[in-house]
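Accompanying notes for the structure given below.
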Amino acid sequence: MENRPPVAVKSIGKMKPQLVVLGTGFGAVSLIKKISLAHYDVTVVSPRNHFLFSPLLPSTTVGTIEFRSIIEPIRLARKGITYFQATAVDLDKMSKTVVCEQVEDKRRFSVKYDKLIICVGAVNNTFGIEGVYEHALFLRELIDARRIRNRIIDNFERAALPALDEPEQKRLLHTVVVGGGPTGVEFAAELADFMSDELTATFPAQIQAANITLVEAGKQILSTFDEGLADYAMKVFKRRNVTVLTNTTVKKVTATAVLLSSGQELPCGLVVWSTGNGATAFVKSLPFERDKAQRLVTDGYLRVKNELDIFALGDCATIENYTQPATAQVAQQAGAYLATQLNAMAKRGSPEPVGEKFKRINFGMLAYVGDNRALAELPQAKSSGIGTWLFWRSAYLTKLISLKNKALVLFDWTKAILFGRDISRF
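The sequence shown begins at 649 in this note's numbering and counts up by one.
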């Protein structure tokens, strides 16, 4: 369908500067919650009309947590903001306008800004490997988790059908996870739990054919963690018959198998691709400096390099000469920092930020490795085991955005313990 001419859209309250936020992730929501609505008219543009607590996304793929328990409508994140369900597709610096495209009918409109915050996140990095987009599933949004959940159930139901030969049954019940970072490891852990806790009882004739393989290009999984903790995760996986292939890369993905660079072929019914971040098409199209990973380069105040009123944070940005991990924790801190700077700039009536440049506070890293065990690498200590799993759960419970989310997640965890996970396909 041909795009109609852009329609200019302006926020209400013309006397205040127009602050436009692109995205609804951790950085965006953190900024929205702290920005002064007395000083700015805030407009949020994103194709996703909710905030997603992504650290618990792997748990939704097997029903440990239900989908709606980890999302919060963006309109409820802060009353008084304007929200447009659309995708930013172009930027005109001269007129200070963002061109947006509606999600449903692709019609375009424009949004004027005085200050622009780019926090559009990232997309999955496939490294140009053949067949990934066509045959693998990703784990970045709720719709991805739903697709994975349905595929798991479908594969077991198909494997239970009569007259299915053994090689095909084994193929259907083999899941290959590509990427040994936290998301890939936690998904493999959740799937192993699901198989042992629920599917062993409901599919007793098929469960012996089920298998999980985790493929990692580096020398160890969880490369950002202490080597001892990564070794602990390997031991848990070995005990639970999760095969881990390190120093292994993927050459091609087909409808029925993963072909490794070594020439080995892994027949499988599900491929989950979790190998890191790539830049969005919008970020790639912007006329700003980018690093080798195509992230926008900013100064220490999170301003896009050589720009006065355009800022960037989260997975789509990197601070010049300052290395930081692409995590929800960092994005959340950056959003809060930028809101404080913008509030101060509005009070002073100055476009220039002052004070200390952004520096993240390291609160540590957590990862679930299955069988009610987790890892924690904190500034003060490192730990693993069942006690760490309880800490992992309590830490994420406190970080959820609303009281409703906290209650729902706690209820889901309790329900899974008492009654098991749901194996319905819907």
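Each residue gets a CB set at the ideal place from its N, CA and C atoms; glycine is no exception.
Pairing Val747 with Thr850, the inter-Cα distance amounts to about 51 Å. Under DSSP, the beta-bridge partners assigned to Cys748 are Ala736, Phe757.
In the three-state reduction of the DSSP assignment, Pro695 falls in the coil class. Excluding its 5 nearest sequence neighbours in each direction, Asp762 has C-beta neighbours in its own chain below 8 Å: Pro665, Gln666, Leu667, Lys744, Asp957, listed in chain order. The region 901-918 makes contact with the region 766-779: 3 or more CB pairs, one atom from each, lie closer than 8 Å. Inclusion of Val863 and Val898 in the CB contact set at 8 Å is warranted, their separation being smaller than that value.
Rounded to whole angstroms, the separation of the alpha carbons of Trp921 and Val693 is 27 Å.
Measuring C-alpha to C-alpha distances from Ala836 to each of Pro1001, Phe1039, Leu705, Pro999 identifies Leu705 as the nearest. Cβ-Cβ separation between Gln854 and Ala808: approximately 6 Å, consistent with a contact (criterion under 8 Å).
With fewer than 16 other Cβ atoms inside 10 Å of its own Cβ, Phe1074 counts as exposed. With fewer than 16 other CB atoms across the displayed protein chains lying within 10 angstroms of its CB, Ala811 is exposed. Taking Phe699 as reference, the option from Asp689, Ile722, Glu814 with the minimal CA-CA separation is Ile722. Restricted to the region 894-970, the beta strand (DSSP E) segments that are unbroken, complete and at least 3 residues in length are 898-901, 905-908, 913-915, 918-921, 944-946, 958-960, 965-967, listed in chain order. Closest option to Val826, judged by alpha-carbon separation, among Ala974, Leu1051, Val690, Phe786: Phe786. The residue from Tyr985, Tyr1016, Thr735, Gly1003 with its alpha-carbon nearest to that of Pro703 is Tyr1016. According to DSSP, Tyr1016 shares a beta bridge with Ala1022. Between Ala857 and Leu893, the gap from beta carbon to beta carbon reaches 8 Å or more. Spanning the alpha carbons of Glu1000 and Asn889 requires a straight line of approximately 56 Å.
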